[in-house]
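In this note's numbering, the protein residues as written are 3 to 772.
And the structure:
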């Protein structure tokens, strides 16, 4: 899960390595062992006993160094995890039933006006039809939860569904009484981390489902938090905080911990958490975390999500925070709904008044104290470019101590040098910058205001012409209806997926910038000088915050359409997504300030109300995913590991999955022609007729056959083919991935439904397997 938070905990968000080597604990290592269940000898009553017997037989093989069993997996994987020496592993790999061994790996973490921005209405539409997600159970795989938060109060909620098999585990500062009719389950999984010698920190975490980081509390309340009136972040974003599916139930599976040396999430623990969530009976899962891109049979999230999908469980995952370049996204398996982060139409501001209101401009600020600056002196280092830019050690404390400073920021590389303001003893600063989207709430540890370059030039002109200039500033202003929105935020990871580029990813864009949601009140969030302020709610940004928005919407859709598969839910979201912002222009990329592409935002920004009634869906069966794995040239052993099936067929191997988007990968001559085969399913209660409408750019020719399809009744199907021919000029002049894109829309003749899919032509010079 990646979001942008303070403290050394967030070294987690740097690129983490793969597993610690076995040599770090003599020659022992942690391994995930995949077994063939059909090979279990008849004397054993169950597979766990068989696995334990195998491990026990290794006990005397290494001079008293005993193997350690960690988890038995029953749903996401056929097998177990254990700590073994090299010789023990070699013996185990020779035993009957062994299929494959994978060493431990580590992953990383990737946050309420957003509901209004999504178009949800309390007395009509999806919320009303879904009864706010009642009876849906969402499993969150994250850092734990702060159960006392008002976001998890259960006032007025009905009894826990009888189908629920979960538990509320006791641990450090957590017991069964912490659960209720909203938070119906909480478990923690740390054996994998502990077996690497990484013990849970006693000062910076809890050996229990309790959340110390705040991240899991934030994602949980975003997805399904109960209404909390008067929520705010130090005066900003005041209002009622509420999850997307406020009547849905929550179950927390804590797999991410802080230890004395670092922070991370072990593959063994992640698999165990997902395995237990399936066993407990969740309807949906959200994971705001990711592992390094590996083949699907080595990726714990991909494997766990496949098992969940088989059981009808919808899985949403964050795309990662490694943008804005292409090929940076994670969680690209086609059975996962992969989510990018967009802005919403709310911002946080301060009004800057110069002199006796000679000039007033509005800038960006999230300074957390209720402060009114009144006619304070303001300094500008006119004539010395280093001072004008507030470069390192340029400001003289004798000149600026106790004053506000104006900094003329001219380029991204120079950065907003807040450290220099602190070092010089200034009271605060006004920065002129074109890169306001790079600033986060935690950056405002002094009274800072960021203004546009246009306003900065006006301020600079005033300061040059005025002696003894003064400034007055009013902080804690929340601005609604900002335009344009949504925009693709710079950090949101972009496609194509390097392991599976034949499926357009990410799938969808959702709110992920400065999202207000619950927080762990023991964890300081707002830096003021050398201290941090505490709060029950905070603003966070990241694809971590986008994924729970999508799983919340999915819970509402599942509540209305209980027979929909995870693929049907994803299709409804994608084909009804919008690609026009609230200024009636294309969705902008905050990095380039120009129109984004489907490799940035997928099918577009999620539109919950439209997704409730999509008209048609692109559904996908389990065998279709197996055919796709075969088409990717996965070996029989790899497919067995992912699907847990000893028997399957690759007779229909194909990379052409029945997905609601299309991507063409160009060859070296920058020309190609590809025909996609798709099946549409009617999900309205009456017969219908649809016509194909294509919007294709220059260099792309699209032919749809047949151009019209008819459906006799609900759930009837229709097949079609779409042939895309692409001829592009010199690709060296293009970006690192995108070439061109258009759209295919199926419009019903009654004018009530438009089922839209992006068509993308891209080149992927270093995608493996292409």
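Yeah, the Cβ is synthetic: ideal placement off N, Cα and C, and Gly gets one too. This one's a predicted model, so the numbers in the text were calculated from it and none came from an experiment.
Query raised in the report: For residue 632, which of helix, strand or coil comes out of DSSP?
Result: DSSP places residue 632 in helix when its eight states are reduced to three.
Report task. Note down, in chain order, each residue of its chain lying with its Cβ closer than 7 Å to the Cβ of residue 356, except the 5 sequence neighbours on either side. Result -> The residues are 461, 464, 471 and 473.
Report task. Within its chain, find whatever has a CB closer than 7 Å to the CB of residue 686; leave out the 5 residues flanking it on each side and keep chain order. Result -> For residue 686, same chain residues with a beta-carbon under 7 Å away, outside a window of 5 residues either side, are 617 and 716 in chain order.
Query raised in the report: Exposed or buried, which one is residue 419 when buried takes at least 16 other CB atoms within 10 Å?
Result: buried
Query raised in the report: Leaving out the 5 sequence neighbours to the left and right, which residues in its chain are closer than 6 Å to residue 382 when beta-carbon positions are compared?
Result: 408 and 465
Requested in this report: Decide if residue 596 is buried, meaning its Cβ has at least 16 other Cβ atoms within 10 Å, or exposed.
Outcome: exposed
Query - Cβ separation of residue 621 and residue 683, assumed to be a contact under 8 Å, to the nearest whole Å - result: 5 Å
**Report entry** Among 85, 48, 77 and 81, nearest to residue 30 - alpha-carbon criterion
**Finding:** 85
Query raised in the report: Buried or exposed: residue 153, going by 16 or more other Cβ atoms within 10 Å of its Cβ?
Result: By the neighbour-count criterion, in which 16 or more other beta carbons inside 10 Å mark a residue as buried, residue 153 falls on the buried side.
**Report entry** Through-space distance from residue 370 to residue 235, alpha-carbon basis
**Finding:** 8 Å
Query raised in the report: Which of helix, strand or coil does DSSP assign to residue 610?
Result: DSSP places residue 610 in helix when its eight states are reduced to three.
Report task. State the Cα-Cα distance for the pair residue 206 and residue 571, rounded to the nearest angstrom. Result -> 39 Å
Requested in this report: Would you give the residue range spanned by the alpha helix (DSSP H) that residue 50 belongs to?
Outcome: Residue range 49–58 is occupied by the alpha helix (DSSP H) that includes residue 50.
Query raised in the report: Taking DSSP as the reference, what is the three-state secondary structure of residue 218?
Result: helix
**Report entry** Cβ neighbours of residue 676 in the same chain (closer than 8 Å, five flanking residues each side left out)
**Finding:** 666, 725 and 726
Query raised in the report: According to the neighbour-count rule (16 or more other Cβ atoms, all chains shown, within 10 Å of its Cβ), is residue 758 buried or exposed?
Result: buried
Report task. Below 8 Å on the Cβ atoms is my guess for residue 56 versus residue 94; work out the distance and round it to an integer in Å. Result -> 7 Å
Query raised in the report: How long is the line joining the alpha carbons of residue 36 and residue 710, rounded to whole angstroms?
Result: 48 Å
Query raised in the report: Given 8 Å as the limit, is there contact between the segment 282–296 and the segment 542–559, that is, 3 or more CB pairs closer than that?
Result: Touching, per the Cβ criterion.
Requested in this report: Sort 606, 156, 397 and 567 by Cα distance to residue 583 and report the nearest one.
Outcome: 606
Report task. Return the residue from the list 374, 131, 133 and 171 that minimises the CA-CA distance to residue 149. Result -> 171
**Report entry** Per DSSP, the bridge partner or partners of residue 748
**Finding:** 694 and 757
**Report entry** Sequence-distant residues of its chain with Cβ nearer than 6 Å to residue 598 (five each side left out)
**Finding:** 490, 589 and 591
Query raised in the report: With residue 511 and residue 541 assumed to form a contact (beta carbons below 8 Å), what rounded beta-carbon distance in angstroms separates them?
Result: About 19 Å separates the two Cβ atoms, so there is no contact after all.
**Report entry** Opposing strand residues paired with residue 261 [DSSP bridges]
**Finding:** Residue 261 is bridged by DSSP to 202.
Report task. Can you grab the Cα-Cα spacing for the pair residue 532 / residue 664, in whole Å? Result -> 51 Å
Requested in this report: May I ask you to report which of helix, strand or coil DSSP gives residue 679?
Outcome: strand
Query raised in the report: Span of the beta strand (DSSP E) holding residue 105?
Result: 100–105
Requested in this report: Below 6 Å CB to CB, which residues in the same chain sit around residue 654 once its five sequence neighbours on both sides are set aside?
Outcome: Same-chain partners within the cutoff: 629.
Report task. Return the residue from the list 578, 468 and 315 that minimises the CA-CA distance to residue 360. Result -> 468
Query - the segment 315–327 touching the segment 427–442, judged by at least three CB pairs closer than 8 Å - result: no
Query raised in the report: Measuring CA to CA, which of 299, 674 and 227 is closest to residue 635?
Result: 299
**Report entry** Neighbourhood of residue 601 by C-beta, 7 Å cutoff - its chain only, sequence neighbours within 5 removed
**Finding:** 328, 496, 497, 498, 739, 740, 762 and 764
Report task. Answer with buried or exposed for residue 1, where buried requires no fewer than 16 other C-beta atoms within 10 angstroms of its C-beta. Result -> The shown model of the chain, from 3 to 772, leaves out residue 1, and the question about it has no answer.
Query raised in the report: Does the beta-carbon of residue 760 have 16 or more other beta-carbons within 10 angstroms, so that it is buried, or is it exposed?
Result: Counting Cβ neighbours within 10 Å, residue 760 comes out buried, since at least 16 surround it.
Query raised in the report: Which of the three DSSP states, helix, strand or coil, is assigned to residue 25?
Result: At residue 25, the pLDDT of 34 sits below 50, so the modelled position is not reliable; the number obtained from the coordinates is stated separately. Helix.
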